[in-house]
Amino acid sequence: MKTRCTMFIMRCPTPRSKAKAEKTGAGGHGNKVNGGACLYTCSLRPTGIYGEQHQLMRDFYQIGVRTGGWIIRGVPQDTDMVVSMQATWLGCICLAARSLRERPQRLGGEVYFCYDDSPYKSYEDFNMQFFLSGFNFRQVRVPLLVLWVVACLNDLLRWVLKPVCSYTPLLNRYTLAVASTSFTVGSDKAQRPLPVPPPL
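The sequence shown lines up with residues 1 to 200 when you count with full-length UniProt numbering.
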């Protein structure tokens with residue numbers, strides 16, 4: 001089991017850039033700005049977001065329409081993740097902004113995960129709640145070994161084609177690892193400095 005004290009070796013650019021952005025954002029806390037005022041910052045990390053007019057949900061729907069109502073699934077059935085609603089994320093931003101103004105010493109310079117009490121569910125299962133019920137889509141599961149082979153081939157193609165074009169496949173070893181790894185988030189870190197029990 002990994003904890004927030006666990007050191008992760010990040011080889012892919014996406015988690016490295018997210019970690020750098022969090023460090024930069026939280027690292028600005030306490031700096032003086034023009035006029036002599038003090039900058040108060042913290043970093044908020046969503047675990048996964050769904051909201052109204054969400055482009056990813058539209059894309060999944062369009063794929064289902066193009067395949068004649070079939071949704072191709074690849075994530076192992078027992079994979080659980082946290083999916084937060086957009087309102088939770090927006091609430092976290094408002095609560096953090098207010099708390100930074102009121103108590104900058106307690107909240108500032110830290111990183112907080114944003115989540116609510118939504119049940120743990122894989123992203124695919126979460127999406128299928130909408131598609132199977134409302135659109136009469138059907139699902140077919142692709143074996144993980146097949147997905148891994150395709151992901152490796154996509155990585156190889158990306159490397160080979162890099163000098164001549166920008167080939168950026170959605171399925172690669174990194175996205176497959178993220179999609180097929182169970183994770184949950186639980187912390188009371190934000191409840192200590194914030195005035196009300198937040199969905200952080």
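By construction, the Cβ of each residue, glycine as well, lies at the ideal position given by its N, Cα and C atoms.
Task: Cβ pair count under 8 angstroms reaching 3, the region 30-41 against the region 99-114 - done: yes
TODO: Grab the span of the beta strand (DSSP E) containing C114 for me, first residue to last.
DONE: 111-114
TODO: Return the Cβ separation of L171 and V140 in integer angstroms, given the expectation that the two are a contact with Cβ distance under 8 angstroms.
DONE: Rounded, the Cβ-Cβ distance is 16 angstroms, inconsistent with contact.
Open item on the list: Looking at the secondary structure, which residues open and close the beta strand (DSSP E) in which P46 lies?
Closed with: 43-46
Open item on the list: Between the alpha carbons of P198 and R45, how many angstroms are there, rounded?
Closed with: Note on P198: pLDDT 48, under 50, position unreliable in the model; no value is reported.
- [ ] May I have the straight-line CA-CA distance separating G69 from F60, to the nearest angstrom?
- [x] 11 angstroms
- [ ] Go to V149, then tell me how far its alpha helix (DSSP H) extends in each direction, as first and last residue.
- [x] 144-161
TODO: Quick one: grab the DSSP three-state call for R103.
DONE: coil
- [ ] Specify, as a first and last residue, the run of the alpha helix (DSSP H) that V178 falls within.
- [x] 173-179
- [ ] Using DSSP bridges, identify the partner residues of V164.
- [x] The partner list for V164 (beta bridge, DSSP) is empty, contrary to what the question assumes.
- [ ] Taking V142 as the reference, give the member of E22, S180, G25 with the closest Cα.
- [x] S180
- [ ] May I ask you to report which of helix, strand or coil DSSP gives V33?
- [x] coil
Task: Buried or exposed (CB count within 10 angstroms, at least 16 for buried), G74 - done: buried
- [ ] Count the other C-beta atoms from every protein chain shown that fall within 10 angstroms of the C-beta of Y112, then say buried if there are 16 or more, exposed otherwise.
- [x] buried
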